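Protein chains: 2
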Amino acid sequence: MTTKYNNVYIEDTYTICGNYENDGPLSKYFDKKYEKDLYFNEKSWEKAEAHLLKETNKNILNKNKLKDSDIDLLISGDLQNQIAASDYMARDFDIPFIGVFEACSTIGEGLIIGSTFVESKIAKKVIVSTSSHNMVAEKQFRNPTEYGTPKPKTSTFTATGAVSILLTNKKTKIKIESSTVGKVKDFGITDANHMGAVMAPAAGDVIYNHLKETKRNLDYYDLILTGDLGIYGKNILKDYMMTSYNIELKDNYNDCGTMLYDLDNQPVLAGGSGPVCSALVIFGYIYKEMLKGKLKKILIVPTGAIFSPTFTFQKESIPSIANAISLEVVE
Amino acid sequence: MTTKYNNVYIEDTYTICGNYENDGPLSKYFDKKYEKDLYFNEKSWEKAEAHLLKETNKNILNKNKLKDSDIDLLISGDLQNQIAASDYMARDFDIPFIGVFEACSTIGEGLIIGSTFVESKIAKKVIVSTSSHNMVAEKQFRNPTEYGTPKPKTSTFTATGAVSILLTNKKTKIKIESSTVGKVKDFGITDANHMGAVMAPAAGDVIYNHLKETKRNLDYYDLILTGDLGIYGKNILKDYMMTSYNIELKDNYNDCGTMLYDLDNQPVLAGGSGPVCSALVIFGYIYKEMLKGKLKKILIVPTGAIFSPTFTFQKESIPSIANAISLEVVE
Chain A
28 MTTKYNNVYI EDTYTICGNY ENDGPLSKYF DKKYEKDLYF NEKSWEKAEA
78 HLLKETNKNI LNKNKLKDSD IDLLISGDLQ NQIAASDYMA RDFDIPFIGV
128 FEACSTIGEG LIIGSTFVES KIAKKVIVST SSHNMVAEKQ FRNPTEYGTP
178 KPKTSTFTAT GAVSILLTNK KTKIKIESST VGKVKDFGIT DANHMGAVMA
228 PAAGDVIYNH LKETKRNLDY YDLILTGDLG IYGKNILKDY MMTSYNIELK
278 DNYNDCGTML YDLDNQPVLA GGSGPVCSAL VIFGYIYKEM LKGKLKKILI
328 VPTGAIFSPT FTFQKESIPS IANAISLEVV E
Chain B
28 MTTKYNNVYI EDTYTICGNY ENDGPLSKYF DKKYEKDLYF NEKSWEKAEA
78 HLLKETNKNI LNKNKLKDSD IDLLISGDLQ NQIAASDYMA RDFDIPFIGV
128 FEACSTIGEG LIIGSTFVES KIAKKVIVST SSHNMVAEKQ FRNPTEYGTP
178 KPKTSTFTAT GAVSILLTNK KTKIKIESST VGKVKDFGIT DANHMGAVMA
228 PAAGDVIYNH LKETKRNLDY YDLILTGDLG IYGKNILKDY MMTSYNIELK
278 DNYNDCGTML YDLDNQPVLA GGSGPVCSAL VIFGYIYKEM LKGKLKKILI
328 VPTGAIFSPT FTFQKESIPS IANAISLEVV E
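In order, the protein sequence lines correspond to chains A and B. Under our numbering, the first residue of the first sequence carries the number 28, and numbering increases by one thereafter. Under our numbering, the first residue of the second sequence carries the number 28, and numbering increases by one thereafter.
Structural data, given as structure tokens:
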């Protein structure tokens with residue numbers, strides 16, 4: 028389902044990263060960086076993640092001299108069971124709340140819901156936020172890190188950080204131009220250490236539907252950015268687009284999972300992942316490049332493996348989803 | 028945030044229940060009933076829940092002679108970690124998907140998002156669905172049932188079932204008249220066996236805001252129905268409304284958690300809970316009473332305890348949320 032918006036703009040973004048992301052090539056684009064450890068003065072990793080999410084939302088309000096009552100709606104989601112980081116963040120804000128979950132495509136889903144509220148004039152200002160935390164994800168989805176379990180090179184590394192996006196109905200330099208809501212795809216892959224392969228078909232499907240429904244081709248965009256497919260997933264998507272749709276992804280295509288870290292020198296295997304991975308790359312780095320006018324038309328495609336350890340233990344394959352959102356510099 | 032809708036109607040609903048709900052007083056209002064066990068021919072409880080959700084959505088399509096391509100958007104959420112029942116349901120539909128989570132208030136959240144898409148003319152037909160499964164919830168949130176852990180009488184019993192609601196922009200007998208999005212509230216309660224107390228302040232807050240923002244009083248409604256506060260939570264809400272807002276909840280107030288089961292003769296302690304509890308009562312029983320003209324103006328207030336076992340083990344209190352939606356018979 029593709030929608031064109033006439034009335035939805037990005038007023039500001041705020042980005043916070045952890046130490047691994049601070050050591051990566053995009054560090055200078057983030058608003059706040061934690062350099063020491065992954066606790067951020069909290070007593071648990073889960074609370075540390077909720078802390079980041081609260082901090083990014085407090086900071087985007089303060090930076091823009093806004094109070095809770097100036098915001099109509101707060102939309103948030105994260106990887107924790109029961110999206111607990113978002114829930115525990117939201118109790119500290121006096122703002123109507125909508126909780127969402129599509130794994131690492133959560134930021135895409137949140138932006139589409141937020142854009143719908145703004146476009147329909149039901150809301151004037153909406154904050155969309157997401158977070159992830161490397162150790163929370165390792166603990167919840169994988170093996171205890173103390174085991175030192177070796178990982179295959181197709182594994183990705185969950186990014187730590189939190190990102191807020193302030194949507195508004197008043198004209199700014201960057202608009203949400205259109206979006207395509209994704210469908211859940213499952214190509215039968217059961218390997219939880221190869222999420223790039225799990226997610227590539229969902230990304231391919233939504234890119235194809237977006238192009239078809241907007242009657243555009245890839246050249247329309249200065250850049251097409253998938254969420255967090257990583258090195259191998261990126262190539263799988265290229266193959267998939269060619270074999271399924273005869274569409275060639277060229278130099279204006281890249282993947283956020285391959286951009287957040289120095290892949291040659293950081294221990295991130297196939298690249299970054301987690302809801303905040305694409306959010307940091309897009310709303311830290313790319314957003315600022317758009318403000319400078321270096322990029323004008325972008326299609327972002329956050330991708331999510333909707334991985335349930337319970338279903339995977341029960342021999343089920345892993346479904347995935349991706350959403351496509353077009354961002355444009357307002358001329 | 029309160030919104031009045033001009034353009035959002037309920038075209039149909041479909042309800043499926045399990046054996047405990049079939050033994051309750053509202054059984055005759057449900058479209059399909061499972062009477063034997065809680066597996067529904069699946070090999071695990073988690074798959075059994077996904078099965079129910081898939082079945083209710085297939086059945087509402089078939090009953091209305093609709094194909095996947097006739098539906099613009101499928102919005103779903105449930106209590107499983109990663110809303111896995113909804114994710115594994117959605118992979119079997121070729122419909123753009125939005126995953127939501129607000130625990131037992133998920134159906135309220137889904138209806139508000141769906142109504143926004145329909146009101147804004149972005150979508151014409153939207154399915155909103157939710158489910159819960161007694162044994163999935165026991166396994167995930169509580170103790171293994173084999174332990175036979177005694178429960179306090181303030182505990183509630185997670186309902187088993189699945190419900191679909193088909194929203195449309197074409198006039199039908201029942202409209203979604205308005206809604207108020209709730210805020211996350213936390214009154215410091217840490218007792219996971221007393222969710223009625225956890226959720227009552229969130230219900231009170233959203234009812235108060237709804238009345239204030241619509242300039243209505245309680246008499247406007249034939250019935251005000253909270254989600255699943257149960258016997259004790261219902262009385263706590265009455266006290267809370269009186270002491271906080273000087274508002275007296277009278278005979279036109281009831282709670283779905285006290286209605287789904289025969290509280291004197293079924294082993295459900297303080298009453299029913301789970302996302303499907305209020306969904307079964309409202310979109311099975313109440314919806315059909317509205318179609319008959321016996322009830323005309325209803326305020327539904329699904330309530331959710333956003334309970335994270337991880338945060339509760341870390342000594343945090345339990346936050347909650349509730350949403351208010353006004354349903355009216357079209358004259």
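Backbone N, C-alpha and C define an ideal beta-carbon position, used for all residues, glycine too. Note that the structure is predicted; figures quoted are calculated from it, not measured.
Going by DSSP, which residues form a beta bridge with residue i?
i, result
"B/K152", "B/T195"
"B/S347", "B/K212, B/A332"
"A/D255", "Answer is none; A/D255 lacks a bridge partner."
"B/I325", "B/L250, B/L354"
"A/Y267", "DSSP, once it has assigned bridges, lists no residue as partnering A/Y267."
"A/A189", "A/I43, A/S158"
"A/L53", "Answer by DSSP bridge pairing: none, since A/L53 is not bridged."
"B/T30", "B/S206"
"B/E129", "B/C131"
"A/G104", "A/T157"
"A/S300", "A/T185"
"B/Y115", "Answer by DSSP bridge pairing: none, since B/Y115 is not bridged."
"A/Y174", "According to DSSP, A/Y174 bridges with nothing at all."
"B/I201", "B/I37, B/V356"
"B/N220", "For B/N220, which the question treats as bridged, DSSP gives no partner whatsoever."
"A/N281", "A/L252"
"B/K59", "B/I43"
Below 7 Å CB to CB, which residues in the same chain sit around residue i once its five sequence neighbours on both sides are set aside?
i, result
"A/Y247", "K324"
"B/K265", "L276"
"B/A227", "L256, G260, I263, L264, Y267"
"A/K200", "L318, V356, V357"
"A/K383", "In the structure displayed, chain A extends from 28 to 358; residue 383 of chain A sits before or after that span and is not available."
"A/K178", "N220, L296"
"A/Y56", "G311, Y312, K315"
Whole-angstrom Cβ separation of residue i and residue j, contact assumed at under 8 Å?
i, j, result
"A/L318", "A/G299", "Not really, about 23 Å apart at Cβ, beyond 8 Å."
"B/V328", "B/K202", "With a Cβ gap of about 18 Å, B/V328 and B/K202 do not count as contacting."
"A/V190", "A/T270", "Wrong, their Cβ atoms sit about 34 Å apart, outside the cutoff."
"B/A219", "B/I345", "7 Å"
"A/G126", "A/S113", "6 Å"
"A/T339", "A/T217", "7 Å"
"B/Y32", "B/E204", "7 Å"
"B/V211", "A/A186", "B/V211 to A/A186, Cβ: 25 Å. No contact."
"A/A306", "A/T157", "5 Å"
"A/I274", "A/L326", "Contact doesn't hold; Cβ gap of about 13 Å is too wide."
Once you ignore the five residues that flank residue i on each side, which residues in its own chain have a CB closer than 6 Å to its CB?
i, result
"A/I122", "D95, I98, L101"
"A/D58", "Y41, T42"
"A/P171", "none"
"B/T176", "N170"
"B/S353", "E204, S205, L326"
"A/M28", "V208"
"B/Y47", "none"
Please classify residue i as buried or exposed, where buried requires at least 16 other C-beta atoms within 10 Å of its C-beta.
i, result
"A/N89", "exposed"
"A/E73", "buried"
"B/D213", "buried"
"B/Q109", "buried"
"A/Y372", "Outside the shown range of chain A (28 to 358) lies residue 372 of chain A, about which nothing can therefore be said."
"A/K81", "buried"
"B/K152", "buried"
"B/V357", "exposed"
"A/Y174", "exposed"
"A/G215", "exposed"
"B/N161", "buried"
"A/G51", "buried"
"A/N350", "buried"
"A/G135", "buried"
"A/E62", "exposed"
"B/G223", "buried"
"A/G254", "buried"
"A/G137", "buried"
"A/G188", "buried"
Exercise for the section: Evaluate the contact criterion for the stretch 90-97 of chain B versus the stretch 103-119 of chain A: three or more CB pairs, one atom per stretch, below 8 Å. Expected result: no
Handout entry: Contact between the stretch 189-201 of chain A and the stretch 226-237 of chain A (3+ Cβ pairs under 8 Å)
Key = no
Handout entry: At least 3 beta-carbon pairs within less than 8 Å: the stretch 116-130 of chain A vs the stretch 321-340 of chain A
Key = Enough Cβ pairs lie closer than 8 Å, so yes.
Problem - Segment contact flag, the stretch 277-285 of chain B with the stretch 298-312 of chain B, C-beta cutoff 8 Å, min 3 pairs - result: As far as the Cβ criterion goes, the stretch 277-285 of chain B touches the stretch 298-312 of chain B, which means the pair count is three or higher.
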